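Numbering (our numbering) for the sequence shown: 11 to 283.
Glycine included, C-beta positions come from ideal geometry on N, C-alpha and C.
Note that the coordinates shown come from a computational prediction; the quantities given were computed from them, not determined experimentally.
The structure under discussion appears below in the form of structure tokens.
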Amino acid sequence: MSSASLLRRLAAGCDRQQGSTLAVVPENPLPLDPHTSTEALLLEEVRVTFGRITALDGLSLTAATGAITAVLGPNGAGKTTMMRCCTSLVSPDSGRIDVLGHTPGSPEAAAATGLMPQSAGAWSGIRAGELLHYMAGLHANPIDPDLLIEALAITPFARTTYRRLSGGQQQAVNLAAALVGRPKLVFLDEPTSGMDPHARHHTWDIVEQMRHDGVSVVLTTHNMDEAQRLADHVWIVDRGKVATHGTVPELTAESSLEDVFLTHTSDRAAGRN
11 MSSASLLRRL
21 AAGCDRQQGS
31 TLAVVPENPL
41 PLDPHTSTEA
51 LLLEEVRVTF
61 GRITALDGLS
71 LTAATGAITA
81 VLGPNGAGKT
91 TMMRCCTSLV
101 SPDSGRIDVL
111 GHTPGSPEAA
121 AATGLMPQSA
131 GAWSGIRAGE
141 LLHYMAGLHA
151 NPIDPDLLIE
161 ALAITPFART
171 TYRRLSGGQQ
181 QAVNLAAALV
191 GRPKLVFLDE
201 PTSGMDPHAR
211 HHTWDIVEQM
221 RHDGVSVVLT
231 THNMDEAQRL
241 ADHVWIVDRG
251 KVATHGTVPE
261 LTAESSLEDV
271 FLTHTSDRAA
281 GRN
């Protein structure tokens with residue numbers, strides 16, 4: 011079966027064996043129009059320091075319900091720290107964060123969010139398929155992990171331990187783990203890093219399908235093509251705060267998205283702004 015038909019089955023909620031609900035989306039999809047719905051995510055003046063290092067310096071941004079929100083920035087800009095704050099892995103020093111109207115780490119927020127990290131070294135000794143079955147067992151109403159394995163083309167390496175997978179294969183497993191609980195809001199930290207072009211475009215199709223079915227997506231990326239294709243709204247951050255933001259048409263009215271990025275962010279490697 012083709013990937014496209016599998017995606018349609020996931021979106022339609024068709025279980026191979028029992029005809030029960032089986033979707034990558036929540037059972038009760040959220041509103042699709044980001045202009046009329048409430049925010050899925052709200053950060054106000056969030057500050058995080060690690061010793062003398064300021065990771066987030068009064069970061070404020072929002073992500074609309076049922077939309078794809080891209081957060082761009084150079085290495086060290088605070089993108090991953092922001093996601094860790096939103097999923098209660100890091101506690102901010104100050105500021106406010108609302109995740110689907112709840113505090114990060116609360117039972118309500120935890121049950122309705124998924125996280126695809128950049129890496130998951132703690133999983134290194136477990137087989138990919140076993141990992142996804144384990145993750146499914148942590149949720150009250152998970153997606154059938156076998157169907158996710160098929161839809162995300164994990165079948166050829168499902169019996170391979172995580173640490174022996176290529177970077178792109180690990181990313182596919184990470185994405186499946188983020189989706190297995192049917193989140194209403196999913197955080198994707200550089201979701202296509204290490205993927206070949208085929209896998210990257212397949213992942214983009216899946217992310218677009220999630221938006222179509224009402225899932226709110228917040229992703230970080232260094233890939234301007236990825237942001238331009240997927241994002242309903244783009245936030246460019248630098249040194250822990252927002253440098254500029256807007257829709258892709260707004261940001262690219264007079265120059266490319268990459269030029270906008272370069273104009274509003276610092277080149278730390280070269281030691282200049």
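Extent of the continuous beta strand (DSSP E) run through residue i
i                 : result
phenylalanine 197 : 195–199
tryptophan 245    : 243–248
isoleucine 63     : 63–74
histidine 255     : 251–256
leucine 229       : 226–230
threonine 171     : Element bounds for threonine 171: n/a, residue is neither H nor E.
leucine 82        : 78–82
Which of helix, strand or coil DSSP assigns to residue i
i              : result
alanine 122    : helix
aspartate 269  : helix
leucine 53     : strand
aspartate 103  : coil
aspartate 154  : coil
histidine 274  : helix
methionine 164 : Checking the sequence, you will find isoleucine at residue 164 rather than methionine. It is coil, neither helix nor strand.
leucine 148    : coil
leucine 141    : helix
Per-residue burial, residue i [other beta carbons within 10 Å of its own, 16 or more giving buried]
i                 : result
arginine 137      : buried
phenylalanine 197 : buried
aspartate 248     : buried
alanine 74        : buried
arginine 173      : exposed
arginine 94       : buried
histidine 208     : exposed
isoleucine 216    : buried
Residue from the options with nearest C-alpha to residue i
i             : options                           : result
glycine 191   : Leu240, Glu160 and Thr123         : Thr123
glutamine 293 : Gly250, Lys251, Thr113 and Pro127 : With the chain covering only 11 through 283, there is no way to say anything about residue 293.
glycine 61    : Ala77, Pro102, Val81 and Leu71    : Pro102
glutamine 219 : Val270, Ala77 and Ile63           : Ala77
serine 266    : Leu175, Asp199, Gly177 and Asp235 : Asp235
Between the CA atoms of residue j and residue i - distance to the nearest angstrom
i             : j             : result
serine 12     : glutamate 160 : Low confidence applies to serine 12: its pLDDT is 44, below 50, so where it sits in the model is not reliable enough to give any reading.
glycine 256   : arginine 169  : 43 Å
proline 84    : threonine 231 : 9 Å
lysine 194    : lysine 89     : 20 Å
leucine 42    : aspartate 206 : With a pLDDT of only 35 at leucine 42, under the threshold of 50, the placement of this residue in the model should not be trusted, and no figure is reported.
leucine 125   : alanine 188   : 5 Å
alanine 237   : arginine 221  : 14 Å
serine 134    : glycine 177   : 12 Å
threonine 165 : aspartate 67  : 43 Å
Endpoints, alpha helix (DSSP H) assigned at residue i
i             : result
aspartate 215 : 207–222
alanine 188   : 177–189
leucine 240   : 234–240
threonine 113 : Where threonine 113 is concerned, there is no enclosing alpha helix (DSSP H), given that its DSSP letter is neither H nor E.
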